[in-house]
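Some notes on the structure that comes next.
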Amino acid sequence: MEIEITTSTGVEWYKYCIGKRFKVHSKSRRGGRGKYIVKIEDKQLMNGYRYGWVDKEHCKLIN
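So in my numbering, the last spot in the sequence shown is 66, and the numbers never skip.
This is the structure in structure tokens:
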């Protein structure tokens with residue numbers, strides 16, 4: 004399953020990634036409900052982390 008970033012409020016790590024696609028690792032279950040956990044290929048986007056959260060309202064499903 005893939006998502007495409009469509010919008011951002013400007014404070015998230017993906018604010019410069021509008022239009023980019025990410026592979027979904029899982030759906031967030033705990034405190035971050037309403038978010039997807041995505042695998043980040045370019046580690047520079049989130050200070051070296053491999054995974055990050057994306058709000059479901061800020062993206063659309065591709066597959």
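The C-beta atom is built at its ideal place from N, Cα and C for all residues, glycine as well.
8 Å Cβ cutoff met for residue i and residue j
i, j, result
"K46", "R53", "yes"
Exposed unless 16 or more other CB atoms sit within 10 angstroms - verdict on residue i
i, result
"G13", "exposed"
"I43", "buried"
"G51", "exposed"
"I21", "exposed"
Straight-line Cα distance separating residue j from residue i
i, j, result
"M4", "G37", "16 Å"
"V41", "Y19", "16 Å"
"E7", "K63", "5 Å"
"H28", "T10", "20 Å"
Contacts around residue i, its chain only, beta-carbon distance under 8 Å, and the 5 residues preceding and following it disregarded
i, result
"K30", "K38, Y39 and I40"
Strand pairing of residue i, partner residues [DSSP]
i, result
"L64", "I6"
"Y39", "K30 and V57"
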